[in-house]
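Residue numbers (this note's numbering): 1012 to 1294.
Taking it in order: structure first as structure tokens, then the write-up.
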Ligand code: PAF
């Protein structure tokens, strides 16, 4: 069946009625478009676990800071549409800013997930996770999916969304999917497109530093030691580290010696790009 492309909320609700009436599960894959293999893996997972695959493409102004790349964020709707059609997507929801924020976003209801949103990426991107939580909550309310699929590359975002779903009793099952990487280890990201050829060659240092951190944690080095070495590794490769941090995977609190399920998270600037990545470590 051909993919249906929808721009407004009432049309989205109308299109979802037959799926819901016949008790066929709906999986939502929220994206900002400029799709790559990482997104397509989410779409495949959605198709595997649900009858109806709904993908949203919306570059959400509320999650960008005033000095960030909202204006220049790559918008490639026609190519995305073709890729999604090839993947067997049932519905593509590609709303305008007006459809999502008919009254703007300033001074209107927003979703705050305290604690998880103020650390790591939240420190250098104040308001970012409130923007993410608000738009994801709106998408959940608009589409009322049974399942929503997100990439683990945005590990902090995934935890923020899980916490929001738990706290607001939203009837959605949130699934996280492993990061898809380039052959040299670089995590797939739309922002990789900002890198020059020379920067692209340096970018895998991020993943290498995470792998080294994992080895060091297994050898018994402390979180402080591992973090200091991670920052040095990134700087030595010509990246400007924002943070390199060893955290408890369940709630992103600083790891203590007894914690076994860890995640090492990092963000670094390289040219015009701010790259993020993470690696789970069990010890
Ligand atoms: O991860 C993203 O692409 C975005 O943050 C999301 C979840 C689609 C919300 O705008």
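By construction, the Cβ of each residue, glycine as well, lies at the ideal position given by its N, Cα and C atoms.
The structure displayed is predicted, hence computed values, not measured ones.
Listed in chain order, the non-local C-beta contacts of residue 1196 below 6 Å within the same chain comprise 1215 and 1218, local neighbours out to five positions each way being set aside. In terms of Cβ geometry, residue 1094 and residue 1065 do not form a close pair [threshold 9 Å]. The Cβ-Cβ distance between residue 1253 and residue 1128 does not fall below 9 Å. Taking a cut-off of 8 Å on C-beta distances, the segment 1051 to 1062 does not touch the segment 1163 to 1182, as fewer than three cross pairs fall below it.
Contact annotation: residue 1106 and residue 1018 have beta-carbon atoms nearer than 9 Å. By the Cβ criterion, the segment 1241 to 1260 is not in contact with the segment 1037 to 1051, since fewer than three pairs of Cβ atoms, one from each stretch, lie closer than 8 Å. Note that the C-beta distance between residue 1045 and residue 1092 is not below 9 Å. The C-alpha of residue 1025 is placed about 20 Å away from the C-alpha of residue 1112.
The criterion of a C-beta distance shorter than 9 Å is not satisfied by residue 1288 and residue 1189.
Put simply, of 1142, 1067 and 1283 the residue whose alpha carbon is nearest the alpha carbon of residue 1206 is 1283. Nearest C-alpha to residue 1104 among 1014, 1183, 1047 and 1164: 1014. Here the C-alpha atom of residue 1230 lies approximately 25 Å from the C-alpha atom of residue 1164. Residue 1264 and residue 1124 have their C-alpha atoms spaced approximately 15 Å apart.
9 Å or more divides the Cβ of residue 1151 from the Cβ of residue 1102. Put simply, of 1068, 1255, 1118 and 1259 the residue whose alpha carbon is nearest the alpha carbon of residue 1277 is 1255. Remark: C-beta atoms of residue 1257 and residue 1224 approach each other more closely than 9 Å. A distance filter of 6 Å between CB atoms and the heavy atoms of the ligand PAF selects the following residues in sequence order: 1041, 1042, 1043, 1071, 1074, 1143, 1146, 1147, 1165 and 1168. Distance from the CA atom of residue 1110 to the CA atom of residue 1088, rounded to whole angstroms, is 17 Å.
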